[in-house]
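Data first, discussion second: the structure below is written as C-alpha cells.
2 protein chains.
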Amino acid sequence: MYEGPVQDLIDELGRLPGVGPKSAQRIAFWMLDQPAEDVQRFAQVVSEVKARARFCAVCFNVSQEETCRICRDARRDQTVICVVEESKDVVAIERTREFRGLYHVLGGAISPIDGKGPSDLHIRELLTRLADGTVTEIILATDPNTEGEATATYLSRLLKDMGLQISRLASGLPVGGDLEYADEVTLGRAFEGRRYVEGSARPAPRV
Amino acid sequence: MYEGPVQDLIDELGRLPGVGPKSAQRIAFWMLDQPAEDVQRFAQVVSEVKARARFCAVCFNVSQEETCRICRDARRDQTVICVVEESKDVVAIERTREFRGLYHVLGGAISPIDGKGPSDLHIRELLTRLADGTVTEIILATDPNTEGEATATYLSRLLKDMGLQISRLASGLPVGGDLEYADEVTLGRAFEGRRYVEGSARPAPRV
Chain A
1 MYEGPVQDLI
11 DELGRLPGVG
21 PKSAQRIAFW
31 MLDQPAEDVQ
41 RFAQVVSEVK
51 ARARFCAVCF
61 NVSQEETCRI
71 CRDARRDQTV
81 ICVVEESKDV
91 VAIERTREFR
101 GLYHVLGGAI
111 SPIDGKGPSD
121 LHIRELLTRL
131 ADGTVTEIIL
141 ATDPNTEGEA
151 TATYLSRLLK
161 DMGLQISRLA
171 SGLPVGGDLE
181 YADEVTLGRA
191 FEGRRYVEGS
201 ARPAPRV
Chain B
208 MYEGPVQDLI
218 DELGRLPGVG
228 PKSAQRIAFW
238 MLDQPAEDVQ
248 RFAQVVSEVK
258 ARARFCAVCF
268 NVSQEETCRI
278 CRDARRDQTV
288 ICVVEESKDV
298 VAIERTREFR
308 GLYHVLGGAI
318 SPIDGKGPSD
328 LHIRELLTRL
338 ADGTVTEIIL
348 ATDPNTEGEA
358 TATYLSRLLK
368 DMGLQISRLA
378 SGLPVGGDLE
388 YADEVTLGRA
398 FEGRRYVEGS
408 ARPAPRV
C-alpha cells in the first residue's frame, strides 16, 4: 500500500476490466513519469467521454453526429441491415470489407441471467426501420454463444412473416486455425454447414 | 475505427503500458456503461496525481507529507538503510515484514542504454544521510538484473571505505518454484550461495 494519491490512482486503475493489481501499479508509476500535459489530456478525454459520446439515432452505433457515418453514406446498400450486439461488432465487420449495407446495434443480447430481455434492446427501433419496405434483407450477426443465439432465434421468429430474406452468419472452423484444436461444438457446426464442391454429386433431398 | 470521443479514449487507453488495442476497446466501452460520477472520479484522480503525489524528502519513497510514514516512524531501526530502485520495491519488502530499518529509493538503476548514470539517481542524497554516522549498515536491494547488479557494484565501491556493513540480497531459487524450471543463471547462483546445514562438515577454507 502506498500513501495518498498514488494509492488512489492504483485503486481506480485496478477497477478497470482486465487490469490486475500489478498492472494498475505499473500504469500508475508510468503515469507519474509522463509529462504533465499528457496525463492531463488523458484525464480530459476520460472526463468528457460520457458527455460527448453519442449514438446514432437510426442504428445506435457510436457516432459523432446525430446519425453515424454509415447511415449518412448514400452509397451503402439501403436494402440490407446487419443486426449486431455492439458497436465493436460493426468495427469488426467493417474491417472485412465484405458488407456494404447498413447496421443495427441492439445494445447487447437477450440474457435472462443478467436480467436483460428483448425490451432492453433496440428491437422496437429495428421494426420502425423496416416499416417503409425499403429493407428487404436482414443478416443476424449476433455472437455465436448462448445469448447471441437466443437473440437471433427471437428476432427470426419476430421477423419471419414480414417477407424479408433473413440469414444468420455461418458457424465453422476459424480460418488459419488447426482442426485438431477446434472445440467439438464448432467442429460439429462445421460438418453441419459443409458446402458441396462445385460439380460434385449432391445428396438426394430429404423428403 | 470509431467516430469521435470514443476513438480518442481508445487511443489514450492504448498508450498505457500493458494495454493492447483489444483491452483499450474493452475498457472504453466499459467506461461508457459506468455511472458518470464513477468515470468523473477516475478522471479526477488521474488529473491530480502528478500535482498531488509527493516523494519523501529524505528517502524519495512515495509520500503524502514532507517525509514518508517510514522515515517518520521512530520505532524503525535508524542504523540500517535498505537501498532500492523504486517505491514498488519498498512495498514488496514491507510485505515480507522481515525488515525494520529505513529505505533509500534511488529512482532507478544505472543503465547506459537508457542514458541513465549515477548522477541521475539519488546517490548524493544517500551519502548525505550517511554523514552523521548513525547508519552502520547498508543492504543493497537493487533488482537481480544487469542494471541492478551494476548499480549495486557501483554503490559497493563508493561506500566500501566508510566502515559500514554492506550486503546484497541473496540470489537463488524462488520459494515455491520448481527447480527444473529455474533458468541456469539462477540455478548457478543457488549453488554458489548454498548454505551448509547446521552440524554438517564444512569445506576446508581456501588459502
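Protein chains in written order, with my numbering: chain A, 1 to 207; chain B, 208 to 414. For every residue, glycine included, the Cβ atom is placed at its ideal position computed from N, Cα and C.
Which residues bound the alpha helix (DSSP H) around residue i?
i                      : result
residue 95 of chain A  : 87 to 96
residue 124 of chain A : 123 to 130
residue 76 of chain A  : It is not in any alpha helix (DSSP H) - residue 76 of chain A carries neither H nor E in the DSSP assignment.
residue 392 of chain B : 391 to 399
residue 48 of chain A  : 36 to 52
residue 316 of chain B : No alpha helix (DSSP H) holds residue 316 of chain B; DSSP gives it neither H nor E.
residue 225 of chain B : Neither: residue 225 of chain B is in no alpha helix (DSSP H) and is coded neither H nor E.
By how many angstroms is the C-alpha of residue j removed from the C-alpha of residue i?
i                      : j                      : result
residue 418 of chain B : residue 280 of chain B : Not covered by the structure: residue 418 of chain B. The range shown for chain B is 208 to 414.
residue 15 of chain A  : residue 411 of chain B : 58 Å
residue 96 of chain A  : residue 113 of chain A : 32 Å
residue 344 of chain B : residue 283 of chain B : 14 Å
residue 385 of chain B : residue 394 of chain B : 11 Å
residue 115 of chain A : residue 108 of chain A : 12 Å
residue 420 of chain B : residue 64 of chain A  : Here chain B comprises residues numbered 208 to 414, so residue 420 of chain B is not present and cannot be evaluated.
residue 30 of chain A  : residue 36 of chain A  : 12 Å
residue 308 of chain B : residue 263 of chain B : 16 Å
residue 41 of chain A  : residue 255 of chain B : 12 Å
residue 377 of chain B : residue 218 of chain B : 42 Å
residue 156 of chain A : residue 45 of chain A  : 40 Å
residue 352 of chain B : residue 330 of chain B : 19 Å
residue 356 of chain B : residue 266 of chain B : 21 Å
residue 7 of chain A   : residue 216 of chain B : 23 Å
residue 135 of chain A : residue 66 of chain A  : 21 Å
residue 210 of chain B : residue 125 of chain A : 22 Å
residue 71 of chain A  : residue 128 of chain A : 15 Å
residue 43 of chain A  : residue 390 of chain B : 42 Å
residue 192 of chain A : residue 180 of chain A : 17 Å
residue 371 of chain B : residue 290 of chain B : 14 Å
residue 17 of chain A  : residue 69 of chain A  : 29 Å
residue 194 of chain A : residue 298 of chain B : 58 Å
Under 8 Å Cβ to Cβ from residue i, same chain only, skipping five residues before and after it: list those, please.
i                      : result
residue 367 of chain B : 373
residue 162 of chain A : 130
residue 208 of chain B : 214
residue 54 of chain A  : 62, 63, 64, 65, 66
residue 39 of chain A  : 31
Quick one: using the 10 Å Cβ neighbour count with 16 as the cut-off for buried, is residue i buried or exposed?
i                      : result
residue 312 of chain B : buried
residue 165 of chain B : This structure does not reach residue 165 of chain B, given that chain B is present from 208 up to 414, and the question cannot be answered.
residue 292 of chain B : buried
residue 328 of chain B : buried
residue 258 of chain B : exposed
residue 382 of chain B : exposed
residue 89 of chain A  : buried
residue 339 of chain B : exposed
residue 310 of chain B : buried
residue 392 of chain B : exposed
If I measure Cβ to Cβ from residue i and keep anything under 7 Å in the same chain, skipping five residues before and after, which residues do I get?
i                      : result
residue 325 of chain B : 317, 361
residue 220 of chain B : 226, 231, 234, 235
residue 147 of chain A : 109, 110, 111
Give me, in chain order, the residues of the same chain whose beta-carbon lies closer than 6 Å to that of residue i; leave out the 5 immediate sequence neighbours on both sides.
i                      : result
residue 269 of chain B : 294
residue 359 of chain B : 347, 349, 375
residue 397 of chain B : 379, 380
residue 22 of chain A  : none
residue 93 of chain A  : 99
residue 78 of chain A  : 134
residue 288 of chain B : 309, 311, 342, 345
Could you give the residue range of the beta strand (DSSP E) that holds residue i?
i                      : result
residue 344 of chain B : 344 to 347
residue 291 of chain B : 287 to 291
residue 198 of chain B : Outside the shown range of chain B, which is 208 to 414, sits residue 198 of chain B, and nothing can be said about it.
residue 154 of chain A : Note, residue 154 of chain A: premise wrong, no beta strand (DSSP E); alpha helix (DSSP H) at 146 to 159.
residue 382 of chain B : Run containing residue 382 of chain B: none; DSSP gives neither H nor E here.
residue 105 of chain A : 102 to 105
(request) Please list the residues of the region 48 to 69 of chain A that have a C-beta atom closer than 7 Å to any C-beta atom in chain B, keeping them in chain order. (result) Going along the region 48 to 69 of chain A in chain order, one finds 48, 49, 50, 52, 53, 62, 63, 64, 68, 69 with a Cβ nearer than 7 Å to chain B.
(message) For the region 287 to 301 of chain B, list every residue whose C-beta sits within 8 Å of some C-beta in chain A, in sequence order.
(response) For the region 287 to 301 of chain B, which is checked against every Cβ of chain A, the residues closer than 8 Å are 293, 294, 295, 298.
(message) Can you pull out the residues from the region 219 to 232 of chain B whose beta carbon lies closer than 7 Å to at least one beta carbon of chain A?
(response) 219, 223, 224, 225, 230, 232
(message) At a CB distance below 7 Å, what residues from the region 338 to 367 of chain B approach chain A? Give them in sequence order.
(response) none
(message) Beta carbons nearer than 7 Å to chain A: which residues of the region 233 to 245 of chain B have them?
(response) 233, 234, 236, 237, 238, 239, 243
(message) Residues of the region 111 to 124 of chain A in Cβ contact with chain B at a cutoff of 8 Å, in chain order, please.
(response) none
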